[in-house]
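What follows is a short report on a single structure.
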Amino acid sequence: MFQRLGSLPAPLRGVLAVGAGALIAAGLPPVDGWPLAFLGFPLFLVLLDTAKSKSWRSGFGLGWAFGLGYFAVAFHWIGYAFFVEAGTYLWMMPFMLGILSGGMAIYWGLAGLLAKRFGGSGLQLTLAFSALLAVAEWLRGHLLTGFPWAAPGLLVVGMGGVAQAASVIGMTGLTLLVVLWASLPYVFLSGERRRLMLAGGAILLLLPALWGWGDWRLAGASGALVPGVVIRIVQPNLPQEEKWREDNARQIFDDLLQLSMLPTAERPDGIGGVTHVIWPESAVPFLIDESPVAKSELKPLLGGRTALITGAVRAGRMGEGVEPDAHNSIIVFDGTAEVAARYDKWRLVPGGEFLPLAWALEPLGFRQVVQTPGSFVPGPGPRTVILPGGLKASLTICYEAIFPDRLVDDADRPQAIVNVTNDGWFGRSTGPWQHLAQARLRTIEQGLPMIRAANTGISAVIDPYGRTLRMLPLMEKGVVDSPLPVAISATAYARMGDFWLLILTVCIISCAFLARFWALER
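The numbers in this note's numbering rise by one with no breaks, and the one at position 223 of the sequence shown is 205.
Quick look at the structure:
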């Protein structure tokens, strides 16, 4: 089989590489088809191994095609956003998706190039490519604002206890292990020397071992709850095309007020006894912190005892006659409807809240998807806010929760993460499920619970082990009440970041050199 693939013309090999990447991405949440990776990665490595040329074009081209297939499928849900105002934005969809998928695939192309130049095959190539792809994924999450969405490590969400390793090595470390394990069938089919085959088998045995360790960690979880804290998440399920219409402002606000007071099976008296109400990102289409009417109507709802945490657009006043800048913010109201705290989103969405290379793209007709009177301005960065009642929380907005680094203020560790988001742009696609899965990994990495309020779903309360305590399904209107799980001690990842990823990467690369030496031994 290897010889047949090696004799195929280059364009067909590229098509197969695209298909291999697409196959892996098809296993991401909500499908959770992680076994597909055990087909896609070996197929790609066979193509890379049998490429006759070691030139940069050979390795980079195959790696880029592999990444293109992966990201085109993994990011397809972004296309749904362009249908919200199709007359204005739909023409941009193929260009933006193509640029995004092709741009992210460059990182995979570089990993393929270096793996091919490193030489070798079998276990040596598998080890080298796994480490190099992990480095490429780390760079993808950091360079040019970073966009670590749908890292291959996300496949572990369907792998039970394996996900608990995020508490030590983070999402990128899981990417390294997933790629390594999934690539081993290629090693077993490549005719390796016996000692290298045994080494590959030993590596594969780490998968059930780590799975068992994760299950053991979950079995020992205490499940303790923060005393006196009752969370109510409001999910209005407002269609995106109606969300920003000014003539809907009154109805939207009334719906949020009514939902906030709704009786539930757990709380038949409605909001009574609830300590914190959470509304999703940009919940209302007006400046709620500057509206005396809104505050006067919030006051009886909150009753002097309940805090409201809501996503909102906030205007940054620049002076008389100057168009104000806009902040995508979280506003915290105390029980008397007075503003107790504010948080401004600092990781803005490229193409959504700002347009990269605007000087070149705007003359061509491209626009950022979210339009405001002024420009969105980023906030200063992560910080811990003391909510009414004394609860210390790290506030995050939308896709800030996909970043493992700088998620919380390390100098002032919170008790919980609050994430408000609006996934209404993406309908019933895979996007909201992938977003939730990445949020779950953040809780494991940090050892912190998360309260997540989404406009159309999926809203949830997640414990510090990534387990969903309460959830509102996608595209369902309603509320969910929940206690708040107690945070656990800071994890190894929370304390040391990617240090153990670095150690693991160095070990894998060292093993690749050792495998090369063994392969050359007579």
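Every residue, glycine too, gets a C-beta built ideally from N, C-alpha and C.
Alpha carbon to alpha carbon, how far is residue j from residue i? Give it in angstroms, no decimals.
i	j	result
residue 160	residue 400	29 Å
residue 405	residue 186	37 Å
residue 176	residue 182	10 Å
residue 233	residue 224	11 Å
residue 412	residue 135	17 Å
residue 472	residue 173	45 Å
residue -3	residue 236	53 Å
residue 226	residue 266	8 Å
residue 81	residue 157	23 Å
residue 138	residue 48	20 Å
residue 133	residue 372	36 Å
residue 77	residue 363	31 Å
residue -6	residue 480	38 Å
residue 6	residue 122	18 Å
residue 505	residue 332	Residue 505 lies beyond the range of the chain shown here (-17 to 504); nothing can be said about it.
residue 507	residue 198	The chain is shown only over -17 to 504; residue 507 falls outside these bounds and no answer can be derived.
residue 441	residue 415	11 Å
residue 513	residue 288	Because the chain spans -17 through 504 in this model, residue 513 falls outside it and cannot be assessed.
residue 307	residue 360	10 Å
residue 460	residue 329	29 Å
Quick check on residue i: does DSSP put it in helix, strand or coil?
i	result
residue 217	strand
residue 473	coil
residue 443	strand
residue 268	coil
residue 210	strand
residue 527	Residue 527 is absent from the structure shown; the chain starts at -17 and stops at 504.
residue 341	At residue 341, the pLDDT of 46 sits below 50, so the modelled position is not reliable and the matter cannot be decided from this model.
residue 430	coil
residue 466	strand
residue 124	coil
residue 424	helix
residue 416	helix
residue 143	helix
residue 229	helix
residue 449	coil
Return the chain-ordered list of same chain residues with a C-beta closer than 6 Å to the C-beta of residue i, the five sequence neighbours on each side being excluded.
i	result
residue 322	314, 316 and 370
residue 420	384
residue 85	none
residue 462	215, 452 and 454
residue 189	163
For residue i, collect the residues of the same chain with a Cβ closer than 7 Å to its Cβ; drop the 5 residues on either side in sequence, then sort them by chain order.
i	result
residue 476	427, 428 and 429
residue 239	279 and 283
residue 293	261, 262, 263, 264, 265, 312, 379 and 402
residue -14	none
residue 112	158, 161, 162, 165 and 490
Using the DSSP secondary-structure output, state which residues sit across from residue i in a beta bridge.
i	result
residue 402	379 and 435
residue 251	Answer is none; residue 251 lacks a bridge partner.
residue 258	213 and 289
residue 454	441
residue 461	216
residue 314	291 and 323
residue 298	307
residue 366	376
residue 358	308
residue 386	Paired residue(s): none; residue 386 is not in a bridge.
Going along the chain, which residues of its own chain have a beta-carbon closer than 8 Å to the beta-carbon of residue i, five neighbours each way excluded?
i	result
residue 458	217, 219 and 439
residue 79	54, 57, 58, 60 and 61
residue 194	143
residue 251	245
residue 366	374, 375, 376, 390, 391, 394, 395 and 396
residue 341	Because residue 341 sits at a pLDDT of 46, beneath the cut-off of 50, its placement in the model cannot be relied upon, and the following sentence gives the value as read from the coordinates. Closer than 8 Å at the Cβ level, and outside the excluded window around residue 341, lies no residue.
> For the 8 Å Cβ check, are there 3 or more pairs between the region 15 to 32 and the region 145 to 157?
Replying inline: Touching, no, given that fewer than three Cβ pairs across the two stretches are closer than 8 Å.
> If we count Cβ pairs, one from each stretch, closer than 8 Å, do we get three or more for the region 98 to 115 versus the region 52 to 63?
Replying inline: Flag = no, the region 98 to 115 and the region 52 to 63 do not touch.
> Between the region 238 to 258 and the region 488 to 499, do at least 3 Cβ pairs fall closer than 8 Å?
Replying inline: Contact fails between the region 238 to 258 and the region 488 to 499, because fewer than three Cβ pairs, one in each stretch, are under 8 Å apart.
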